[in-house]
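Peer 1: This structure is in structure tokens; I'll ask about it shortly.
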Amino acid sequence: MKLSTRDKSILIGLFLSKFDIKGLELLGFGGFTEAVNTLGYAIGAKPASLKNYRDEFDPLFPNPRKGWHKRKIRDFCKVFYDEYNDWDINTFLQLIKSIVYSNYEVETLVEKATRKKAKEETFAKRLITGQAAEQYFIHVHNQIPAFQGWILEDTTKFGCGFDFKLNSTSSDKFLGVEVKGLNGLSGNIALTEKEYSVARYLKQDYFLFVVKNFIDKPTHIIYQNPLENDLKFKKIETHIIQRSYSTII
799 MKLSTRDKSI LIGLFLSKFD IKGLELLGFG GFTEAVNTLG YAIGAKPASL
849 KNYRDEFDPL FPNPRKGWHK RKIRDFCKVF YDEYNDWDIN TFLQLIKSIV
899 YSNYEVETLV EKATRKKAKE ETFAKRLITG QAAEQYFIHV HNQIPAFQGW
949 ILEDTTKFGC GFDFKLNSTS SDKFLGVEVK GLNGLSGNIA LTEKEYSVAR
999 YLKQDYFLFV VKNFIDKPTH IIYQNPLEND LKFKKIETHI IQRSYSTII
């Protein structure tokens, strides 16, 4: 099903209005501001648009908000209401995940495979630390002086130690940008062994871009050459048992 960004925004607004607090809980969000910020950036929409669509549907459901009760629902929103109003919460939840996740099949497979860690790896947390933060960077990178004039290349699927490669238009030089996301204004940021090694190698050409405060109003902070900045990284070693399974053919 091919949906536009507006279509996705309307469906998310309908879900949040219809299922209210229960819908937030299933998605893993602590409040509506966090939800519209995270979901909005994840699909490339303005968070305010999602809130407006939620308000559009509010008069049609028995939730505490009045919404836009002084006017008739717009026709294009009514189309979605008529088609999806009867859906139960679990079916609708999967639809929301399918239109938000950039790779729904892989992400839901990871969810099922790591179900025991559900409290740590909620839908909301996966978006904040990944897709939503990355889309935020894509949206604002041209406004940042250090990145202006560079050509953006998405390397999130390459496992190369950074999420985005910024290529020079006049030479082979490039910048590596690793994007991290935080729910609040502060929190823990972890680099993998590969990210740490690449940051150490690239030095001034490596940037750590942290998107924070999804719970209220997202903002960002940039660390160039993060290993030699004000940040203090502590090495954490975890010993695990690695199992393998063999057979004879």
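If you count by our numbering, then the sequence shown holds residues 799 to 1047, one letter each, in order.
Ideal Cβ placement from N, Cα and C applies to all residues, glycine included.
Suppose contacts are defined by Cβ-Cβ distances below 8 Å. Is PHE878 in contact with ILE808 by that definition?
Peer 2: A contact, by the Cβ cut-off of 8 Å.
Peer 1: From what residue to what residue does the beta strand (DSSP E) around GLN1022 run?
Peer 2: Counting along the chain, the beta strand (DSSP E) containing GLN1022 begins and ends at 1017-1022.
Peer 1: Check whether the stretch 884-896 touches the stretch 810-825, counting contact only when three or more Cβ pairs, one atom from each stretch, lie closer than 8 Å.
Peer 2: The answer is yes - the stretch 810-825 touches the stretch 884-896, with three or more Cβ pairs under 8 Å.
Peer 1: For a test of the three-state rule: what should DSSP assign to LEU1006, helix, strand or coil?
Peer 2: Of the three classes helix, strand and coil, the one that applies to LEU1006 here is strand, per DSSP.
Peer 1: Nearest to ILE1071 by CA position, among ILE819, LEU812, SER802, ASN835, is which residue?
Peer 2: Summary: the structure shown does not reach residue 1071, with the chain confined to residues 799 through 1047, and so no result is reported for it.
Peer 1: Specify the secondary structure class of ASP853 as computed by DSSP and reduced to three states.
Peer 2: If DSSP states are grouped into helix, strand and coil, ASP853 belongs with the helices.
Peer 1: Hey, quick one: how far does the beta strand (DSSP E) through ILE949 stretch, first residue to last?
Peer 2: Here the beta strand (DSSP E) through ILE949 covers 949-952.
Peer 1: Compute the Euclidean distance between the alpha carbons of ARG863 and HIS939, then round it to the nearest angstrom.
Peer 2: The straight-line gap from Cα to Cα measures roughly 36 Å.
Peer 1: Quick check on GLN941: buried or exposed, where buried means 16 or more other Cβ atoms within 10 Å of its Cβ?
Peer 2: GLN941 is exposed by the Cβ-count criterion.
Peer 1: Thinking C-beta only, is ILE841 closer than 8 Å to VAL898?
Peer 2: Against a cut-off of 8 Å, the Cβ pair of ILE841 and VAL898 comes out as a contact.
Peer 1: Hey, is CYS875's beta-carbon within less than 8 Å of any beta-carbon in chain D?
Peer 2: The chain inventory of the structure shown lacks chain D, comprising one protein chain alone.
Peer 1: Do the stretch 956-975 and the stretch 852-861 touch if we need at least three Cβ pairs shorter than 8 Å?
Peer 2: These segments do not touch.
Peer 1: Does DSSP put PHE813 in a helix, in a strand, or in coil?
Peer 2: Three-state result, PHE813: helix.
Peer 1: Report the residue from SER1044, TYR994, HIS1018, ARG1041 whose alpha carbon sits nearest the alpha carbon of LYS1033.
Peer 2: If we check each option's Cα against that of LYS1033, TYR994 comes out closest.
Peer 1: Hey, could you find the ends of the beta strand (DSSP E) LYS978 is sitting in?
Peer 2: Element bounds for LYS978: 972-979.
Peer 1: Taking all protein chains shown into account, do 16 or more other C-beta atoms lie within 10 angstroms of the C-beta of PRO845, making it buried, or fewer, making it exposed?
Peer 2: Counting Cβ neighbours within 10 Å, PRO845 comes out buried, since at least 16 surround it.
Peer 1: Could you give the C-beta distance for VAL744 and GLU932, rounded to a whole number, given that I count them as a contact under 8 Å?
Peer 2: Any property of residue 744 remains undetermined from this structure, which presents the chain solely from 799 to 1047.
Peer 1: Taking all protein chains shown into account, decide if GLU854 is buried (16 or more other Cβ within 10 angstroms of its Cβ) or exposed.
Peer 2: Buried, by the Cβ-count rule.
Peer 1: In chain order, what residues of the same chain have a beta carbon less than 6 Å from the beta carbon of LEU983, not counting five sequence neighbours either side?
Peer 2: Closer than 6 Å at Cβ, skipping near neighbours: LYS1010, ASN1011.
Peer 1: The beta strand (DSSP E) that contains PHE962, what's its start and end?
Peer 2: PHE962 -> beta strand (DSSP E) spans 962-965.
Peer 1: May I ask you to report which of helix, strand or coil DSSP gives PHE830?
Peer 2: Three-state DSSP puts PHE830 in a helix.
Peer 1: Relative to the alpha-carbon of THR889, which residue among PRO1024, GLY821, ARG852, ASN850 has its alpha-carbon at the smallest distance?
Peer 2: The shortest Cα separation from THR889 among PRO1024, GLY821, ARG852, ASN850 belongs to GLY821.
Peer 1: I'd like to check one pair, ILE1019 with GLU832: are the Cβ atoms closer than 8 Å?
Peer 2: No. Outside cutoff.
Peer 1: Between the Cα of ARG804 and those of LYS849, ILE819, TYR1021, spot the shortest distance and give me the residue it belongs to.
Peer 2: When only C-alpha atoms are compared, the closest one is LYS849.
Peer 1: Could you name the residues of the same chain whose beta carbon sits closer than 6 Å to that of TYR839, not counting the 5 residues immediately before and after it, in chain order?
Peer 2: ALA930, GLN933, TYR934, listed in sequence order.
Peer 1: Going along the chain, which residues of its own chain have a beta-carbon closer than 7 Å to the beta-carbon of PHE921, five neighbours each way excluded?
Peer 2: So the list reads LEU825, GLY826, LYS895, once near-sequence residues are dropped.
Peer 1: ILE1048: which of GLY865, LYS816, LYS876 sits nearest, CA to CA?
Peer 2: Summary: the structure shown does not reach residue 1048, with the chain confined to residues 799 through 1047, and so no result is reported for it.
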